[in-house]
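Participant:
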Amino acid sequence: MQNFNKFDNVIFELGKKESPKDKFDFKKYSYIWDYDEIDPLILEIMQNGKKINDKEISWKNKKLSYLLKIISIKKVNSKVKELIEKTQSLENETKSIENKLKLQEESINNLNAQIDMLQNKAIEEANLFKQEVLNIQKKAQETINEHKQKTTQHQEQQAEEIKMYALQSLLEKLIQPLNNFEIAITAAQKIDNDVLKNFITGFNMLYKQVEDILMETGLTKIIPQVGDVFDANFHQVYELVNSDFEKDTILEIKNIGYKLHDRVIKPALVVVAK
62 MQNFNKFDNV IFELGKKESP KDKFDFKKYS YIWDYDEIDP LILEIMQNGK
112 KINDKEISWK NKKLSYLLKI ISIKKVNSKV KELIEKTQSL ENETKSIENK
162 LKLQEESINN LNAQIDMLQN KAIEEANLFK QEVLNIQKKA QETINEHKQK
212 TTQHQEQQAE EIKMYALQSL LEKLIQPLNN FEIAITAAQK IDNDVLKNFI
262 TGFNMLYKQV EDILMETGLT KIIPQVGDVF DANFHQVYEL VNSDFEKDTI
312 LEIKNIGYKL HDRVIKPALV VVAK
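Under the numbering used here, the first residue of the sequence shown carries the number 62, and numbering increases by one thereafter.
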């Protein structure tokens, strides 16, 4: 059997019959070699068949006998060859683009899955957080009710103070995580990603709900402004620096502070002029 060159136009006739007495029933096939997909049966006959001459191969498979003939081998003209090569190049580029799109789709799906997981986790933690606050409020109220049973004015005053500051220990522990959550939301809002922004909006609503619950307990923020005078009752010095501003002028706010009713439980952290 002859060897074929790339892009040769090869025309075969493939005949088959069941009985040696039968005549071959031929069917014609035309291929551009190394471009068209060749019928697997023709390839198997070429590989495993018995060569009769340069243009004929016979092969038997179970009850069927096959005869493969080469009818013609023609070289395609330069224009057709150029068109085939361009088509192959386009097909390769298309496959490359399809693979890239598939990878991008997988990446987007993974990102969406991670966002869903983070959203569910944030909602779950926020619900647990709110429930914990409600449970503590309930316990604090029960403690207050016990103290209210006492009859003296002094005991009533003690009960009122306990009511106002019963949550102080818990709030002192919750302030930093709450502040970190707010910082994370603020940072995420600067990222130019529409999908992420939608989820950040939801997280921000959850944060506001939690913050409202805490504010109902009497918690308020201490938010100094650049240019204010340092007040040791509400502020804590983070750093003293040389400046053209007057001494004790606040130059930078490192972190806001918090009060529970009239009691400062976390002073605001500030940079102050010497």
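The beta-carbon is built from N, C-alpha and C at its ideal position, and this holds for glycine as well.
#1: Only counting the same chain, and skipping five residues up and downstream in sequence, which positions put a Cβ closer than 8 Å to that of L125?
#2: If you measure between the beta carbons of F295 and I311, is that distance less than 7 Å?
#3: Among M107, V256, D309, whose alpha-carbon lies nearest the alpha-carbon of D115?
#4: Are the segment 65-76 and the segment 89-105 in contact at 8 Å, needing three or more beta carbon pairs?
#5: Per DSSP, what kind of secondary structure is Q210 in: helix, strand or coil?
#6: Would you say K112 and I118 are within 7 Å of each other, going by their C-beta atoms?
#7: Pull up the distance between the alpha-carbon of N160 and that of I169, whole angstroms please.
#8: Can you tell me which of I197, K199, I223 puts its alpha carbon nearest to the alpha carbon of K209?
#9: With three or more C-beta pairs closer than 8 Å as the rule, is the segment 272-291 touching the segment 315-330?
#10: Helix or strand or just coil, what does DSSP make of F73?
#11: Excluding sequence positions up to five away, which residues of its chain have a Cβ less than 7 Å from the Cβ of E243?
#12: For my contact list, I246 and F260 are in at a C-beta cut-off of 8 Å; report their separation, rounded to the angstrom.
Facilitator: According to the structure data:
#1: K77, K78, E79
#2: no
#3: M107
#4: yes
#5: coil
#6: yes
#7: 14 Å
#8: I223
#9: yes
#10: strand
#11: Y268
#12: Contact flag wrong, Cβ pair sits at about 10 Å.
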